[in-house]
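First to last, the sequence lines map onto chains A and B. The letter at position 329 of the first sequence is residue 337 when you use the working numbering, and the numbering goes up by one with no holes. The letter at position 229 of the second sequence is residue 237 when you use the working numbering, and the numbering goes up by one with no holes.
There are 2 protein chains.
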Amino acid sequence: MVARNSNIAKLPGGYLFPEINRRKKACQEKNPDAKIISLGVGNTTEPLMRHITEGLAKAAAGLGTGKGYSGYGDEQGFDALRGAIADKLYKGIVDPDEVLASDGAKCDIGRLQLLFGADASVAVQDPSYPVYVDGSVIIGASGAFDETTKQFDGIHYMPCLPENQFFPDLKALPRTDLIYFCSPNNPTGAVATRTQLKSLVDFALANRSIIIFDSAYSEYISDPELPRSIFEIEGARQCAIEVSSFSKPVGFTGLRLGWTVCPKELTFDDGSPVLKDWNRIMTTVFNGASNLVQRGGLAALDDLGLDEMQKTVSFYMENAAIIKQCLGDMGIELYGGTNAPYIWTRFPGQKSWDVFERILEEAFVVTTPGSGFGPAGEGFVRFSAFGHRDEVIEATKRLQKLKI
Amino acid sequence: MVARNSNIAKLPGGYLFPEINRRKKACQEKNPDAKIISLGVGNTTEPLMRHITEGLAKAAAGLGTGKGYSGYGDEQGFDALRGAIADKLYKGIVDPDEVLASDGAKCDIGRLQLLFGADASVAVQDPSYPVYVDGSVIIGASGAFDETTKQFDGIHYMPCLPENQFFPDLKALPRTDLIYFCSPNNPTGAVATRTQLKSLVDFALANRSIIIFDSAYSEYISDPELPRSIFEIEGARQCAIEVSSFSKPVGFTGLRLGWTVCPKELTFDDGSPVLKDWNRIMTTVFNGASNLVQRGGLAALDDLGLDEMQKTVSFYMENAAIIKQCLGDMGIELYGGTNAPYIWTRFPGQKSWDVFERILEEAFVVTTPGSGFGPAGEGFVRFSAFGHRDEVIEATKRLQKLKI
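If you want it as structure tokens, here you go:
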């Protein structure tokens, strides 16, 4: 008989977000008349704006014509899209050949784990987006789950807390092959400064580590002093890969379009380029992002599209301000919500899932328990700024009545 | 420094299709006026038909409305799509819960390799679609590449040749955990009979192996006696997973939509359901097929869409008949091209790449060298029936003048 993959067997319970959904459904069944509002999963809610839907609709109609139809394209994406990403989002500091379009950041992280394999040692921010850890476990880069520490053996967790300004103490950090780093951060909403990122890059260069930099929320940065890409930092081309996405800035969560940037200078210890193997992975177990969605991405990157992107980001950041104001007025300890669409709240002495349950049961508002992002998230709860305005306002009214 | 993944280092040279593209480009540069025709990669060429493009365009416009917009959905796909696949394509012999929609069969095979991991032993048809072997190597399920045999150590190659009716000699086959099997076959065009598949299922049940059945070309079967799905065979629910796709029957190669069927009865040796772990993989390193493309898939599965699917398949099968007639008239030994869109031709005493080069250089027609699909493909060349009608006819005119 076929043995179960022992790496998958290491994963405890379910993935965070399906578990939240399960509890939400249970609450709805118990309270059939309740109008539950989700500030949980970071799921975009606002319709796409006109220029982008027109681009998509035009491309869809085009698929019915000889000129507009296309079958398999290059797995790395349209040259025009790769060029537009390099030009418009990176202002030319990366080369189009270094940009590989994809069906999203989560999927790219899974494929990067396949690229580096079971032998690559891993460090992650704690708390962090679940796929860094879960995917590393599945590929075999970890030991067993330790029920006491709530950590996987063999993975180094870098606590990111208010006490260290959500930036790891690099002096206390052992060398690892890979360092996952997300800024603006999901879930804490912390944005690394230029100085912080420079120290991270210097640390990676000194240790010959590779940073996997997740910039999926970079468009939410409005402060011009804060870096949007790791490649704004000197030395990053020798030690970093960037993962990013159209999901949050344009609302493509359901459409699926992301990209990675892998600089040509980045090499393995044998001197061979990482980009060459990354291309091999992308052409072997991937077949390109949808051509239709790539056309939508192109529409999002011309002048009208970039303007719509800015409007979408501004809308969600107004939500963030409303939520932040409400929680602040309630005297809750909070972080983030500026230059990032997440508000990270702390409930000293309480368990994340307990706070989650009380907010759900008493206010019918879904949040995300911080402990779901790692042990250092225990005692925190994340509020997402993605939501319809009327629902966000209604949620804050209900929250104000809570005693938490 | 970070070590290169030793599994990726085992892969020789490039992926087959990029190499063909490279040679095509080189030929075009040498002959700038030549109008090169591709009967190489199995890439669909005909515009989508009206009902499906209307479905896509409507969905695209809908994304701009509150009602039509959707963000992240279930990673497994829309319930409606999973239901329609189960109902329309499987006539209810599989359950919607067992159908997981995805961005395509190639990607699903990569994820299945992640599911089973490095310790699962593997058998493949020889010749076969490259991702079965290449992906197994990347996940670590093989030894080194043997330059003499052109095989990877630790992978069992099952020769499928005219001499055995393209069906492996199961008596000579050692037990493996996984058996990759593709019918209608890419590249040979062979379609397994009900009796053959029954013997394969019985073999898998006796050995407690799991068959990964690739039915991406099942809609090309017109003979009602031939099985379109492994689940038409008694016992398959205990020993098979099916991988399939909208690419070839509807022309979604560029749009990206496929699915897997993993029966609830399929278990690992510890009794745990394979479907549970498969769901974990799909929710952890995947984020769902594009919602827009799923809407297109739904349009393809209603009555008008199914009619368009049939017309698309018929068109390409008329191409197959034209190519087959031409090559037959030339006295070339050939197989397939009935119930499958590939014609598999044999050139005794010649090397596949030599024949490929001569057809390219002398007729400006791109084919696919059989040796690219595995050592048993040496001496064969594949002709694809995907192409515009005028180009297919022009290609046959040029081929007729060749002395091969």
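Backbone N, C-alpha and C define an ideal beta-carbon position, used for all residues, glycine too.
Exercise. If you draw a straight line from the alpha carbon of Val199 (chain A) to that of Asp210 (chain A), how long is it in whole angstroms?
Worked result: Looking up residue 199 (chain A) in the first sequence gives position 191. Looking up residue 210 (chain A) in the first sequence gives position 202. Rounded to the nearest angstrom, the two C-alpha atoms are 18 Å apart.
Exercise. From Phe276 (chain B) to Gly148 (chain A), what distance separates their C-alpha atoms?
Worked result: Numbered from 1 along the second sequence, position 268 holds the residue referred to as residue 276 (chain B). Numbered from 1 along the first sequence, position 140 holds the residue referred to as residue 148 (chain A). Rounded to whole angstroms, Phe276 (chain B) to Gly148 (chain A) spans 19 Å at the Cα level.
Exercise. What is the DSSP secondary structure of Gln84 (chain B), reduced to helix, strand or coil?
Worked result: For the purposes of this step, residue 84 (chain B) is identified with residue 76 of the second sequence, where counting begins at 1. In this structure, Gln84 (chain B) counts as coil in the three-state DSSP scheme.
For this session: Measure from the C-beta of Ile16 (chain B) to each C-beta in chain A and report whether the shortest distance is under 8 Å.
Result: To locate residue 16 (chain B), count along the second sequence from 1; it is residue 8. Cβ-Cβ to chain A under 8 Å: yes for Ile16 (chain B).
Problem set entry | Residues in the stretch 349–379 of chain A having any Cβ partner in chain B nearer than 8 Å | Of all residues in the stretch 349–379 of chain A, none is placed with a Cβ closer than 8 Å to any Cβ belonging to chain B.
Exercise. Which word fits Gly151 (chain B), buried or exposed, when buried means at least 16 other C-beta atoms lie within 10 angstroms of its C-beta?
Worked result: Stepping through the second sequence from its first residue, residue 151 (chain B) is reached at position 143. It is exposed - the Cβ of Gly151 (chain B) has fewer than 16 other Cβ atoms within 10 Å.
Exercise. Considering only residues of the stretch 234–308 of chain A, which uninterrupted alpha helix (DSSP H) runs meet the minimum length of 4 residues and lie entirely inside it, listed in chain order?
Worked result: 255–258, 282–292 and 299–308
For this session: Please compile the residues from chain B whose C-beta is within a distance smaller than 9 Å of the C-beta of Thr291 (chain A).
Result: Within the first sequence, numbered from 1, the residue matching residue 291 (chain A) stands at position 283. Simply Gly22, Tyr23, Phe25 and Pro26.
Exercise. CA-CA distance, Thr320 (chain B) and Gly79 (chain A)?
Worked result: The residue given as residue 320 (chain B) occupies position 312 in the second sequence. The residue given as residue 79 (chain A) occupies position 71 in the first sequence. Going by the C-alpha atoms only, they are around 14 Å apart.
Exercise. So, using beta-carbon positions, are Gly296 (chain A) and Gly85 (chain A) closer together than 8 Å?
Worked result: Taking the first residue of the first sequence as 1, we reach residue 296 (chain A) at position 288. Taking the first residue of the first sequence as 1, we reach residue 85 (chain A) at position 77. Result yes, Cβ atoms of Gly296 (chain A) and Gly85 (chain A) sit closer than 8 Å.
Problem set entry | Pro377 (chain A), buried or exposed, once every other Cβ within 10 Å from all chains shown has been counted against 16 | One-based indexing of the first sequence puts residue 377 (chain A) at position 369. Pro377 (chain A) is classed as buried because its beta carbon has at least 16 other beta carbons within 10 Å across all chains shown.
Problem set entry | Buried versus exposed call for Glu242 (chain B) [16 or more other C-beta atoms within 10 Å across all chains shown] | In the second sequence, residue 242 (chain B) corresponds to position 234, counting from 1. Glu242 (chain B) sits exposed, since fewer than 16 C-beta atoms from the chains shown fall within 10 Å of its C-beta.
Exercise. Which word fits Thr8 (chain A), buried or exposed, when buried means at least 16 other C-beta atoms lie within 10 angstroms of its C-beta?
Worked result: The question about residue 8 (chain A) has no answer here: the residues shown for chain A are numbered 9 through 412.
Exercise. Across which residues does DSSP place Ala149 (chain B) in a beta bridge pair?
Worked result: Along the second sequence, one-based indexing puts residue 149 (chain B) at 141. Note: Ala149 (chain B) sits in no beta bridge, so no partner.
Exercise. Looking at the unbroken alpha helix (DSSP H) that takes in Ala224 (chain B), where does it start and where does it end?
Worked result: In the second sequence, counting from the first residue as 1, residue 224 (chain B) sits at position 216. Where Ala224 (chain B) is concerned, there is no enclosing alpha helix (DSSP H), given that its DSSP letter is neither H nor E.
Exercise. By Cβ distance, which residues of its chain are closer than 7 Å to Phe153 (chain B), with the 5 residues on each side in sequence left out?
Worked result: The sequence position of residue 153 (chain B) within the second sequence is 145, counting from 1. Excluding positions up to five away in sequence, the list reads Lys18, Pro20 and Phe160.
Problem set entry | Residues near Ser207 (chain A) by beta carbon distance below 8 Å, same chain, minus five either side | As a working mapping, residue 207 (chain A) is identified with position 199 in the first sequence. Hits under 8 Å: Leu178.
Problem set entry | Within-8 Å CB hit, Ser150 (chain A) to chain B | Against the first sequence, residue 150 (chain A) aligns to sequence position 142. Cβ-Cβ to chain B under 8 Å: no for Ser150 (chain A).
Exercise. Nearest CA to the CA of Tyr324 (chain A): which residue from A:Gly72, A:Leu309, A:Tyr225 and A:Arg245?
Worked result: Translated into positions along the first sequence, residue 324 (chain A) becomes position 316. The shortest C-alpha separation from Tyr324 (chain A) is found at A:Tyr225.
Problem set entry | Local conformation of Thr61 (chain B) per DSSP, three classes | Translated into positions along the second sequence, residue 61 (chain B) becomes position 53. Three-state result, Thr61 (chain B): helix.
Problem set entry | Under 8 Å between C-beta atoms of Ile218 (chain A) and Leu186 (chain A) | Position 210 of the first sequence holds residue 218 (chain A). Position 178 of the first sequence holds residue 186 (chain A). Taking 8 Å as the Cβ cut-off, Ile218 (chain A) and Leu186 (chain A) qualify as a contacting pair.
For this session: Could you confirm whether any beta carbon from chain B is found closer than 8 Å to the beta carbon of Ile238 (chain A)?
Result: On the first sequence, position 230 is the one that residue 238 (chain A) refers to. It does not: the Cβ of Ile238 (chain A) has no partner Cβ on chain B nearer than 8 Å.
Problem set entry | Extent of the continuous beta strand (DSSP E) run through Leu342 (chain B) | Against the second sequence, residue 342 (chain B) aligns to sequence position 334. Start and end: Glu341 to Gly344.
For this session: Compare the C-beta of Asn13 (chain B) with all C-beta atoms of chain A and state if any pair is closer than 8 Å.
Result: Along the second sequence, read from residue 1 onward, the residue named residue 13 (chain B) stands at position 5. Yes, because at least one Cβ of chain A sits closer than 8 Å to the Cβ of Asn13 (chain B).
Exercise. Starting from Ala131 (chain B) and walking both ways along the alpha helix (DSSP H), at which residues does that stretch end?
Worked result: On the second sequence, residue 131 (chain B) is found 123 positions in, with the first residue counted as 1. For Ala131 (chain B), no alpha helix (DSSP H) run applies; the uninterrupted beta strand (DSSP E) run containing it begins and ends at Val130 to Asp134, by DSSP.
Exercise. With contact counted as at least three CB pairs below 8 Å, one residue from each stretch, are the stretch 69–76 of chain A and the stretch 50–68 of chain B in contact?
Worked result: yes
For this session: Can you give me the start and stop residues for the beta strand (DSSP E) that Thr184 (chain B) sits inside?
Result: If you number the second sequence from 1, residue 184 (chain B) lands on position 176. Neither: Thr184 (chain B) is in no beta strand (DSSP E) and is coded neither H nor E.
Problem set entry | Neighbour flag for Thr52 (chain B) against chain A, beta carbons, 8 Å | The count along the second sequence starts at 1 and reaches residue 52 (chain B) at position 44. Taking Cβ atoms only, chain A reaches closer than 8 Å to Thr52 (chain B), which makes this a yes.
Exercise. Quick one: does Asp278 (chain A) have its CB under 8 Å from some CB of chain B?
Worked result: Numbered from its first residue, the first sequence carries residue 278 (chain A) at position 270. Yes, its Cβ sits closer than 8 Å to a Cβ of chain B.
For this session: Evaluate the contact criterion for the stretch 352–359 of chain B versus the stretch 103–123 of chain B: three or more CB pairs, one atom per stretch, below 8 Å.
Result: no
Exercise. Is the beta carbon of Gly125 (chain B) less than 8 Å from the beta carbon of Val139 (chain B)?
Worked result: As a working mapping, residue 125 (chain B) is identified with position 117 in the second sequence. As a working mapping, residue 139 (chain B) is identified with position 131 in the second sequence. Cβ atoms of Gly125 (chain B) and Val139 (chain B): not closer than 8 Å.
For this session: Could you spell out where the alpha helix (DSSP H) holding Pro167 (chain B) opens and where it closes?
Result: One-based indexing of the second sequence puts residue 167 (chain B) at position 159. Taken as a continuous stretch (DSSP letters only), Pro167 (chain B) belongs to no alpha helix (DSSP H), being part of the beta strand (DSSP E) at Ile163 to Pro167.
For this session: Closer than 8 Å by beta-carbon distance: list the chain B residues that pair up with Tyr455 (chain A), in chain order.
Result: Coverage of chain A is limited to positions 9 through 412, which leaves residue 455 (chain A) absent and any answer about it impossible.
For this session: Would you mind stating whether Gly380 (chain A) and Leu47 (chain A) have Cβ atoms separated by less than 8 Å?
Result: Residue mapping note: residue 380 (chain A) aligns to position 372 of the first sequence, counting from 1. Residue mapping note: residue 47 (chain A) aligns to position 39 of the first sequence, counting from 1. In this structure, Leu47 (chain A) does not lie closer than 8 Å to Gly380 (chain A) by Cβ.
Problem set entry | Neighbouring residues, chain A, relative to Pro257 (chain B) (Cβ below 9 Å) | Reading the second sequence from its first residue, position 249 is the one you call residue 257 (chain B). In chain order: nothing, as chain A lies at least about 13 Å away.
Exercise. What distance in whole Å lies between the Cβ atoms of Thr261 (chain A) and Met252 (chain A), which are believed to be in contact at a cut-off of 8 Å?
Worked result: Looking up residue 252 (chain A) in the first sequence gives position 244. Looking up residue 261 (chain A) in the first sequence gives position 253. Note on residue identity: the sequence assigns Ser, not Met, to residue 252 (chain A). Approximately 14 Å separates the beta-carbon atoms of Ser252 (chain A) and Thr261 (chain A); this is outside 8 Å, ruling out the contact.
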